[in-house]
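A.B. asks:
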Amino acid sequence: MTVPRWLHATFAVSLVLVIGMIGVAMMQESARPVTFEQRLVPALGVVDRCEGCHDAESHPGNALVLHPVERFGCTPCHGGQGLATTKQAAHERSPDWERPLYTPAEREAACGTCHLGQFVEGAPILSRGRAALADRSCAGCHEIPGYSLPDFPPQLDGLAAKVTPGWVRAWLRDPAALNSVHRMPTFTLSDEKREALVAFLFGVPGAALVPVEPGGDAERGRRAVSERRCATCHKIGERGGTTATDLGWAGAKLSPAWLYSYLLDTHRIRPLTRMPGFQLPPAEAADIVAFAAEQWVPDTAKPVWAADESPVHPELTDAGRTVFLESGCAGCHVVTGVDRGRTSVSLSTIGSRRIGDMPAAATGPLADLPAWIALKVVQPHAFDATAGAPAVMPAFSSVEPDEALAIGVALSSLRASPPPEEYRVRPAGAALPAGETGRLVTRFRCLTCHSIGGEGGSIARVPLDGEGSRVRGDWLIGFLQRPVTIRMDQAERMPVLGISADEAARLTAWIQDGLGDPRIAAVAPPGDPERGRQRFEALGCPSCHVVAGKGTMAGPVLDTAGDRLAPDYVIALLTIGPAVVPGGRHPATTYPPADASDLAAFILSLRAPVTP
Amino acid sequence: MATRSRRSVLRLFGEAGFGVLALQAVWSTVRFARAPVSYAPPMRRSLGEPGEYAAGTAVYVEDAGVFVLRDANGLRALSATCTHLGCTVRKNAGGDGFTCPCHGSRYDTEGNVIAGPAPASLSFLSLRVDKRGRLEVDLAAEVDAKQRCKVA
Amino acid sequence: MRALLTRIRDSIFRVGWPEDDRKALLAMRSSIILHLHAPKVRPASLRFKATWALGFVSLVLTLSLVMTGIYLMFYYIPHPDAAWRSMKDLAFVVPFGVVTRNLHRWGAHAMVALVTLHMLRVFLSGGYKAPREANWVAGVGLWVLTLALSFTGYLLPWDQLAYWAVTVGSHMVASVPLIGKPTALLLLGDRSVGEAALLRFYVLHCVVLPCVLGGLVAFHIYRVRRDGGLVTSEHAPPEEPRLVPAWPHLVYRELVVTLIVVAVLLAVSFAFNAPLEPLADPGRTPNPAKAPWYFLGIQELAHYSAFWGGVFVPGAFVAGLCLLPYVDRGEAGIGRYWPPERMFACTAFVAIGLFFLVVTIIGTFFRGPAWALMWWPY
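In structure tokens:
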């Protein structure tokens, strides 16, 4: 018996194949570059090989100066697969890797994993989203770290004395039809449940109202509304702010006694509100009530909700209480005798969910988790087909697409495994004064518009931190009593709150003592005002500032700057730069000390003519 | 005869083939086993602000294993690793040099070996100021003893 | 110089190249590898159809798995913080890391399939009957060991696939009445799959099970020879010699089969990459969570009843396999596939095999999220 020839042939062929395949693999391996170094950040669990291709030194902007690559690596901010060494594996989604490079929205969400607090410099979408989470009362239904149960949606005590049952019915059907500025989402309630809810709400008594004093004059009322600057917060007709409700139909909606009592002592009628505690003189309040009855009414003969008017059914009160609790109303609205509580899921780790794990939208694939959340906010039912059950969440149809995306970004920053504590940046928080001054700050609701230590509103562009070093005390005392407009490019203006001279002095003392900026100190002697005037024009300052009628109003008018601004601040702004006025829009240009002191001397010489 | 020669050709082919396979295996194994990537602490280490080091001092920085020497002309980084067997040398209590605790090698203030088994002087390492104005030493780069890092 | 080289060569290879049968026999005795073979074999057992080389290929795969496994151990760190990262290192920075892992992964899958087919082949040719009863039981043990090795290795990459497959598997173990929970605790070293389980699986996979396997393989191969070689039909063609020397006829065939196996494994490993899903996340169960494919038949049965389908049926099957040679003792038809004399036994065995194949296919391809039946492959 001999060995068959086919066996020899098979032997030869398979040996050549094995050697050949190994040989090809060897050639491929020897052609591959070896990168021995990699970026290790043990505290964040980062092993990044991005720098095999990318040069960290050439990172644009100052992001890497603030976040050195040795301490942060690359992937905590940019996402992607840091361990990968090929472009495709590092950047893209694959069955092996489900977090591709962050989209711009996800990148801002990544900022928010370390940066807590509402305002994050350089992350406008995140900051807007965090403000929107509060503004839209998301924490009324969902647990969201850093957000407590909202307390500014209207308290519903005494509703019967404020509006008619028809208005409430129409409001529950479609809030947008009655008010262009509203925060209330659209709930889908059956007619029975709605009727029960109305019955329940109309059975809750409220604070005693004061009858309207006769003699109100609509024309005087119009002037009062204008002078008090109600439009800074309220929308009136086509104009005005969107912080507070649209007053367009308030005269038809509100009972005169309620409005009158509310203007007489806002916080007595409603202790929880973002509106400052106005205490208008009775005559002025009566004028505004008269004006409202005349002007703030629908164009039509009857308001749209007139069709819904019919008596309430008190026998449904108990059923209505159940509807109130089931629908989650108690998360946002305070009603005496009803315990508040959340009815929906916690969102405290939603940022760890992958877009691939979320129910698919009927409208098509979504780019990232923020986009998913954004769609869920505006169209909660978009996911019903794949989620298996219809959404319970009401639709926030008044949320604009970019605000919805901002909410998505803010929520995406809530991760199950946040970075270690030493990486987390917490805002200082508003250290509010105690005692009488504290009561004033609360009464006038300063933080509805202004922010301190990263907390508060964003209507006033520049935070109050450091304000004590920026303006003169005597000017501030006058301003608080009678606010004048400084930033012509800003629509919102400080309301006339009726602050007395005594109260203004007290608030000014607090701002000067407690809200100073140590960077603002005497750094240069005053210079030559005449040379400063020449430099002012030569450097192009009039392209933003008006002086003596020349220039544009992109920046503050400087005609009375010498009365208003602290001398050290002017020099600091010109030498240190706009860091001393965060949120302001001064260009990031600094000037040599000689120029700065001359310019400052000129600007400080601009004072109002002394009136006898 | 023909069968016989064909058989020996085949045998030669087989032996050569397995020889090649063996060489391939050795080469591939060495490539496979060679360290591909480093999980050790990086060679470039931050030494903090230049202002932390006063003139005329030699300050030990534990994170980097170097002494930072400052004189009127600037800053230098002196490796604290003994050239004998790699122990970390200590500054003498009198400030007149360095001594290795392991085998007693002694160096003067400039890191020159003056006694003991050490075969060479301590080396100076590359020092630079990075974009954020912080000192950074490169443990992998030795420099001349005369080279100094100038800071404002 | 030349004389020195010759002396060195002669000291290693006592017999020169085996040009004739006498030298071949001498070589077979003196070489450590070759002496494992019988010096002479029956020509019938050389035929491909006699074995389809299934047992030998399994052996080649075992050796290849040991080798690639040792290579992988240079980079693998059996800790939850580092295991998955070391897989990524193999994938991205270690030269030949990808292909080494692929060879190990695909070799392991092939091994499960081939050992199973080997068992089927031995059954169909009646190879479990006297005097080979003990070797059949050893073979069943090797089959179970193969599954155990594959299962323990499955956890080591510490990705989602690994973590949840093993979580599902260990819950099956825990569902056994009385001994289930203590056994699962013994296996996992903790309440759930975690640090302790990874270390235990690593030690089992790299030390304990391979040692047991090595001993059992030695016993298995030794008994093949002691029990008279392969089962073959007595009806050999009369023109064939009764016995031929193992060199070159058997050894050369083994060499060629080895090369083919290596070539195929290399080709598959260059063409297809082993999966590595995202890092194991105990908080996030994939839907569906599936065991390794060779356990999906059992998982499918466990879907109907955790104990009866997941434990009793497989347990009874293995017990039945072990008892088989002592119960089925007829001597007719040995050495032929599916002979008329053993029609019932072979049909029944193949039916059972087909049943497992069908449930495995259903579990693998036709079970979607929440283990719902899909009418198209998932």
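One line per chain: the protein sequences are A, B and C, in this order.
The first sequence begins at 1 in our numbering and counts up one residue at a time.
The second sequence begins at 1 in our numbering and counts up one residue at a time.
The third sequence begins at 1 in our numbering and counts up one residue at a time.
All C-beta atoms in this analysis are idealised placements derived from N, C-alpha and C, irrespective of residue type, glycine included.
Given the structure is predicted, the values throughout are model-derived calculations rather than measurements.
Rounded to the nearest angstrom, what separates residue 599/A and residue 470/A at their Cα positions?
C.D. replies: If you number the first sequence from 1, residue 599/A lands on position 599. If you number the first sequence from 1, residue 470/A lands on position 470. About 16 angstroms.
A.B. asks: Jot down the residue ranges of each uninterrupted alpha helix (DSSP H) in the region 483-552 of chain A, minimum 4 residues, whole runs only, in chain order.
C.D. replies: The region 483-552 of chain A contains these whole alpha helix (DSSP H) runs: 501-514 and 529-538.
A.B. asks: Use the C-beta contact count for residue 369/C: other C-beta atoms within 10 angstroms, 16 or more gives buried, fewer gives exposed.
C.D. replies: In the third sequence, counting from the first residue as 1, residue 369/C sits at position 369. Classification of residue 369/C: exposed, given that the 10 Å Cβ count is below 16.
A.B. asks: Among the residues of its own chain, which have a CB less than 7 angstroms from the CB of residue 456/A, if the five just before and after it don't count?
C.D. replies: The sequence position of residue 456/A within the first sequence is 456, counting from 1. Same-chain partners within the cutoff: 430, 447 and 450.
A.B. asks: So what does DSSP say about residue 425/A, is it helix, strand or coil?
C.D. replies: Locating residue 425/A in the first sequence gives position 425, counting from the first residue. Strand at residue 425/A.
A.B. asks: Would you decide whether residue 154/C is buried or exposed? Buried here means 16 or more other CB atoms lie within 10 Å of its CB.
C.D. replies: By 1-based counting over the third sequence, the position of residue 154/C is 154. Residue 154/C should be labelled buried.
A.B. asks: Along the beta strand (DSSP E) that carries residue 70/B, what are the first and last residues, could you check?
C.D. replies: Counting from one through the second sequence, the residue named residue 70/B turns up at place 70. It spans 66-71 - the beta strand (DSSP E) in which residue 70/B sits, taken as one unbroken run.
A.B. asks: Can you give the Cα-Cα distance for residue 237/A and residue 404/A, rounded to whole angstroms?
C.D. replies: For this step, residue 237/A is matched to residue 237 along the first sequence. For this step, residue 404/A is matched to residue 404 along the first sequence. Distance between the alpha carbons of residue 237/A and residue 404/A is about 25 angstroms.
A.B. asks: Measuring straight from C-alpha to C-alpha, what distance separates residue 207/C and residue 64/C?
C.D. replies: As a first step, residue 207/C must be located in the third sequence, where it is residue number 207. As a first step, residue 64/C must be located in the third sequence, where it is residue number 64. Rounded to the nearest angstrom, the two C-alpha atoms are 16 angstroms apart.
A.B. asks: Please decide whether residue 25/A counts as near chain C, where near means a Cβ-Cβ distance under 8 angstroms.
C.D. replies: Looking up residue 25/A in the first sequence gives position 25. Yes, residue 25/A counts as interfacial toward chain C.
A.B. asks: With a threshold of 8 angstroms between beta-carbons, can residue 8/A be considered close to chain B, or not?
C.D. replies: For the purposes of this step, residue 8/A is taken as residue 8 along the first sequence, with counting starting at 1. Chain B, which has a Cβ nearer than 8 angstroms to the Cβ of residue 8/A, makes this yes.
A.B. asks: Hey, is residue 36/A's beta-carbon within less than 8 angstroms of any beta-carbon in chain B?
C.D. replies: By one-based count along the first sequence, residue 36/A stands at place 36. Yes - at least one Cβ of chain B is within 8 angstroms of the one on residue 36/A.
A.B. asks: From residue 157/A to residue 485/A, what does the alpha carbon distance come to, in whole angstroms?
C.D. replies: Along the first sequence, one-based indexing puts residue 157/A at 157. Along the first sequence, one-based indexing puts residue 485/A at 485. If I take the Cα positions, the gap works out to 37 angstroms.
A.B. asks: Please report how far the alpha carbon of residue 339/A lies from the alpha carbon of residue 330/A, in whole angstroms.
C.D. replies: Locating residue 339/A in the first sequence gives position 339, where the first residue counts as 1. Locating residue 330/A in the first sequence gives position 330, where the first residue counts as 1. Approximately 7 angstroms between the Cα atoms of the pair.
A.B. asks: Would you check if there are 3 or more beta carbon pairs closer than 8 angstroms linking the region 155-174 of chain A to the region 217-230 of chain A?
C.D. replies: Contact fails: fewer than three Cβ-Cβ distances are below 8 angstroms.
A.B. asks: What are the start and end residues of each continuous alpha helix (DSSP H) run of 4 or more residues lying completely inside the region 179-250 of chain A, in chain order?
C.D. replies: As far as the region 179-250 of chain A is concerned, its whole alpha helix (DSSP H) runs of at least 4 residues are 191-202 and 218-228.
A.B. asks: Got a sec: is the Cβ-Cβ distance from residue 95/C to anything in chain B below 8 angstroms?
C.D. replies: Locating residue 95/C in the third sequence gives position 95, where the first residue counts as 1. For residue 95/C, the answer is yes, since a Cβ of chain B falls inside 8 angstroms of its Cβ.
A.B. asks: Alpha carbon to alpha carbon, what distance is there between residue 190/C and residue 135/B?
C.D. replies: Residue 135/B sits at position 135 when you count from the first residue of the second sequence. Residue 190/C sits at position 190 when you count from the first residue of the third sequence. Their Cα atoms are separated by approximately 48 angstroms.
A.B. asks: Just the C-alpha distance for residue 268/A and residue 262/A, rounded to the nearest angstrom, thanks.
C.D. replies: For the purposes of this step, residue 268/A is identified with residue 268 of the first sequence, where counting begins at 1. For the purposes of this step, residue 262/A is identified with residue 262 of the first sequence, where counting begins at 1. Looking at the two C-alpha atoms, the distance is approximately 8 angstroms.
A.B. asks: Look at the alpha carbon of residue 265/C and the alpha carbon of residue 123/C, and state the distance between them as a whole number of angstroms.
C.D. replies: Residue mapping note: residue 265/C aligns to position 265 of the third sequence, counting from 1. Residue mapping note: residue 123/C aligns to position 123 of the third sequence, counting from 1. So the two alpha carbons sit approximately 27 angstroms from each other.
A.B. asks: Hey, residue 251/A and residue 296/A: beta-carbon distance below 8 angstroms or not?
C.D. replies: The residue given as residue 251/A occupies position 251 in the first sequence. The residue given as residue 296/A occupies position 296 in the first sequence. Yes, the Cβ-Cβ distance between residue 251/A and residue 296/A is below 8 angstroms.
A.B. asks: What is the rounded straight-line gap between the Cα of residue 321/A and the Cα of residue 312/A?
C.D. replies: In the first sequence, the residue the question calls residue 321/A occupies position 321. In the first sequence, the residue the question calls residue 312/A occupies position 312. Distance between the alpha carbons of residue 321/A and residue 312/A: 14 angstroms.
A.B. asks: In the DSSP assignment, the beta strand (DSSP E) including residue 98/A goes from what residue to what residue?
C.D. replies: In the first sequence, the residue the question calls residue 98/A occupies position 98. Counting along the chain, residue 98/A falls outside any beta strand (DSSP E), and DSSP gives it neither H nor E.
A.B. asks: Helix, strand or coil: which one does DSSP assign to residue 128/B?
C.D. replies: For this step, residue 128/B is matched to residue 128 along the second sequence. DSSP places residue 128/B in strand when its eight states are reduced to three.
A.B. asks: By DSSP, does residue 187/C sit in helix, in strand, or in coil?
C.D. replies: The count along the third sequence starts at 1 and reaches residue 187/C at position 187. Correct three-state label for residue 187/C: helix.
A.B. asks: For a minimum of 4 consecutive residues, which ranges assigned as the alpha helix (DSSP H) are wholly contained in the region 239-326 of chain A?
C.D. replies: Here the runs fully enclosed are 250-253, 256-264, 266-269, 282-295 and 317-326.
A.B. asks: For residue 346/C, name the three-state secondary structure that DSSP assigns.
C.D. replies: Residue mapping note: residue 346/C aligns to position 346 of the third sequence, counting from 1. Three-state result, residue 346/C: helix.
A.B. asks: Span of the alpha helix (DSSP H) holding residue 61/B?
C.D. replies: Here the question's residue 61/B lines up with position 61 in the second sequence. Here residue 61/B belongs to no alpha helix (DSSP H); instead the beta strand (DSSP E) covers 58-61.
A.B. asks: Residues of chain C with CB under 9 angstroms from residue 75/A, in chain order?
C.D. replies: Taking the first sequence and counting its residues from 1, the one referred to as residue 75/A is at position 75. In chain order: nothing, as chain C lies at least about 13 angstroms away.
A.B. asks: Give me the chain B residues within the contact set of residue 81/C, using Cβ-Cβ distance strictly less than 9 angstroms, ordered along the chain.
C.D. replies: The residue labelled residue 81/C in the question sits at position 81 within the third sequence. Here the premise fails: no neighbours, minimum Cβ distance about 12 angstroms.
A.B. asks: Since residue 31/B meets chain C, which of its residues come closer than 8 angstroms, beta carbon to beta carbon?
C.D. replies: Position 31 of the second sequence holds residue 31/B. In chain order: 95 and 96.
A.B. asks: Between residue 407/A and residue 284/C, what straight-line distance do the alpha-carbon atoms span, to the nearest angstrom?
C.D. replies: Within the first sequence, residue 407/A is the residue found at index 407, counting from 1. Within the third sequence, residue 284/C is the residue found at index 284, counting from 1. Near 24 angstroms, if we compare the C-alpha coordinates of residue 284/C and residue 407/A.
A.B. asks: Between residue 68/B and residue 53/B, is the Cβ-Cβ spacing less than 8 angstroms?
C.D. replies: To locate residue 68/B, count along the second sequence from 1; it is residue 68. To locate residue 53/B, count along the second sequence from 1; it is residue 53. Contact: yes.
A.B. asks: Residue 48/A bridges to which residues according to DSSP?
C.D. replies: On the first sequence, residue 48/A is found 48 positions in, with the first residue counted as 1. Residue 48/A is bridged to 39/A.
A.B. asks: Tell me, please, whether the CB atom of residue 100/C is closer than 8 angstroms to any CB atom in chain D?
C.D. replies: Any reference to chain D falls outside this structure, whose protein chains are A, B and C.
A.B. asks: How big is the Cα-Cα spacing for residue 581/A and residue 481/A?
C.D. replies: Residue 581/A sits at position 581 when you count from the first residue of the first sequence. Residue 481/A sits at position 481 when you count from the first residue of the first sequence. If you take the alpha carbons of residue 581/A and residue 481/A, they lie about 23 angstroms apart.
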